[in-house]
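Working notes, beginning with the structure itself.
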Amino acid sequence: MTNSFTEQADQVTAEVGKLLGEEKVDAILCVAGGWAGGNAKSKSLFKNCDLMWKQSMWTSTISSHLATKHLKDGGLLTLAGAKAALEGTPGMIGYGMAKGAVHQLCQSLAKKNSGMPSGSAAIAVLPVTLDTPMNRKSMPEADFSSWTPLEFLVETFHDWITGKNRPSSGSLIQVVTTEGKTELTPAYF
């Protein structure tokens with residue numbers, strides 16, 4: 001892949017277009033993301049902001065565009081936000097900025113004239129920490145009972161695709177796990 005957003009977006013759009021043709025899909029699940037810390041004084045601020053923007057906003061924007069072309073009417077687009085980005089993130093500025101932009105994109109896609117298919121829903125999930133092999137490797141001493149199992153999100157996405165308990169389009173859904181129990185809660189401003 002290229003380091004140019006427009007080139008990467010054009011390439012992905014063309015390749016998915018060749019693969020799907022005129023076929024429409026029930027869902028597009030954008031689960032790409034990552035994490036980088038640093039405050040405004042950090043030497044790595046610019047590098048980390050660039051990385052977070054690429055990992056969160058490039059992927060979310062490309063997925064959103066793909067939804068306008070390949071999502072069925074009534075289909076589902078999910079985006080990966082973050083609960084932390086509902087407020088200031090001084091120790092992880094690039095991460096907070098990028099995830100906050102994902103939240104704004106999700107809410108914009110829910111509005112009239114966004115380009116989304118009729119009756120479709122754009123929903124952002126806002127986890128705290130996902131229970132992934134990389135997170136376990138990076139934080140081996142952490143309390144895993146407060147991490148959200150990926151299986152929970154898989155089941156949630158399946159439910160939403162089939163219309164079960166699907167939040168309204170534009171919803172920002174906090175995903176919080178405490179002592180092994182995960183709950184979904186809408187974020188309100």
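The opening residue of the sequence shown carries number 1 in UniProt numbering; numbering runs sequentially from there. Beta carbons are placed, not taken as given, at the ideal position from N, Cα and C, and that holds for glycine.
Distance CB(residue 102)-CB(residue 67) smaller than 7 angstroms: no
Endpoints, beta strand (DSSP E) assigned at residue 183: 181-186
Reduced DSSP secondary structure (H/G/I, E/B, other) of residue 41: coil
Alpha helix (DSSP H) segment containing residue 117, residue limits: Unbroken run through residue 117: none, as it is neither H nor E.
4 or more residues per run - each alpha helix (DSSP H) lying fully within the segment 38-99: 45-52, 59-70
Buried versus exposed call for residue 156 [16 or more other C-beta atoms within 10 Å across all chains shown]: buried
Run of the beta strand (DSSP E) containing residue 25, from where it starts to where it stops: 25-29
Where residue 125 falls: helix, strand or coil (DSSP): strand
Touch test, the segment 115-134 against the segment 67-79, Cβ-Cβ under 8 angstroms, three pairs minimum: yes
Integer-rounded CB distance, given that residue 62 should sit under 8 angstroms from residue 12: 5 angstroms
Candidates 106, 19, 98, 69, of which the one nearest residue 51 by Cα: 98
Local Cβ density within 10 Å of residue 175, reported as buried at 16 or more and exposed below that: buried
Start-to-end residues for the beta strand (DSSP E) that takes in residue 2: Looking at the DSSP string, residue 2 is not in any beta strand (DSSP E), and its letter there is neither H nor E.
Pair within 7 angstroms by beta-carbon distance, residue 83 and residue 128: yes
First and last residue of the uninterrupted alpha helix (DSSP H) at residue 156: 150-161
Whole-angstrom distance between residue 33 and residue 169, CA atom to CA atom: 21 angstroms
Residue 160 versus 29, 14, 23, 10, residue with shortest Cα-Cα distance: 29
Whole-angstrom C-beta distance between residue 121 and residue 166, which should lie under 8 angstroms: 6 angstroms
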